[in-house]
Each structure stands twice: as C-alpha cells, then as structure tokens.
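Asker: I'd like to ask some things about the structure below.
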Amino acid sequence: MTMQEALGRTEPFEVISNYGTGGDPKARGRRRYDEPSATVTGKASRNKLTWDGKDRGVFTLPELGVLQTFPRDYPWRRVNGDDVDTPGVRSVIAQQIGNAVPPRLGMHVLASALNVPREDLEAALKLRYHY
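According to my numbering, the sequence shown is numbered sequentially starting from 4.
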C-alpha cells in the first residue's frame, strides 16, 4: 500500500527524512507519495513534505499513526494526561508512535506463533479497534 492510499491525501508529495544516508547529513532519504512508507521512527514528526520544490508541511500525528497501522483516531497518551497540546507534546506522541509495534505486524506475528488460519487473521484485521 502506498502512503497516498493509506493517508487518503490527494496531492502528490515527497517525504524528506530527518535522517541522512551514508553518513552524509545532507543526503537525506527521500520517498514519494506513491511508494510505501519508510520506517516510522520517533523523529518522524521532523520529516518534511515537499513537491516540485514547494513546502507541503509535515505529517500530522494521526497520519504518522496511520502509517504505523493505528486507527486515525487512536488516543495517544498526552504528557499531562489530558487532551491539551502543551509544548513538547508533538515530539512525545511522535516518540510513542515510533516506538510502537505496528498493530498489523503484531497480529501477523501472533497469528503465526499461534497457528491461526489465514482466513481468521484476515477477518480479525477487518475488525474495528476498541480502546
């Protein structure tokens, strides 16, 4: 699945990673909207989105969660326990997203370990999360 399909974004974009490649911090990793997402790390909130040299902003926290296969409305834990975005909360939630085991990956690993039939796994993957 491409990032565009997962996120439902209509405009094309290119992700410029926060990380350099090959030891050169100027050689940032790049990935297009029509490709799968790279690994979502705790610093993914710093990635920049561009297209044709124009700034397209950054991924929202819900979008980063979706790229990790969490539902868009997943209730990430706020620093102070409420729903107020205090300074630094974006980086704290991005770290939670980057540290999390993607739910779909976890389900596949458990299904394999427990010998769950593929059709049962596929049915379970279609269920809505409850939290």
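Just so you know, even glycine gets a beta-carbon here, dropped at the ideal spot from N, CA and C. The structure displayed is predicted, hence computed values, not measured ones.
Residues bridged to L52 by DSSP?
Answerer: Partner(s): V18.
Asker: Exposed or buried, what is A97 when buried is set at 16 or more other beta-carbons lying within 10 Å of its beta-carbon?
Answerer: Answer is buried; the Cβ neighbour count reaches 16.
Asker: Indicate the three-state DSSP secondary structure (helix, strand or coil) for G91 in the structure shown.
Answerer: Three-state DSSP puts G91 in coil, outside helix and strand.
Asker: In the structure shown, what three-state DSSP assignment does G45 receive?
Answerer: In this structure, G45 counts as coil in the three-state DSSP scheme.
Asker: Tell me the DSSP secondary structure of G32 in three-state form.
Answerer: The answer is strand: DSSP assigns G32 an E or B state.
Asker: Shortest alpha-carbon distance to T53 belongs to which of R33, W79, L113?
Answerer: Of the candidates R33, W79, L113, the one whose C-alpha sits nearest the C-alpha of T53 is R33.
Asker: Check whether the segment 42–53 touches the segment 97–117, taking contact to mean three or more Cβ pairs, one atom from each stretch, closer than 8 Å.
Answerer: As far as the Cβ criterion goes, the segment 42–53 touches the segment 97–117, which means the pair count is three or higher.
Asker: Assess, as a yes-or-no matter, whether the segment 5–12 is touched by the segment 68–80 under the definition of 3 or more beta carbon pairs within less than 8 Å.
Answerer: Short answer: they touch.
Asker: Got a sec, what are the start and stop residues for the alpha helix (DSSP H) L64 sits in?
Answerer: Looking at the DSSP string, the run of the alpha helix (DSSP H) that includes L64 is 64–70.
Asker: When we look at the beta-carbon of V112 and count the other beta-carbons within 10 Å, is it buried (16 or more) or exposed?
Answerer: Exposed, by the Cβ-count rule.
Asker: Quick check: what's the CA-CA separation for V18 versus P65?
Answerer: Taking the straight line from one Cα to the other gives about 16 Å.
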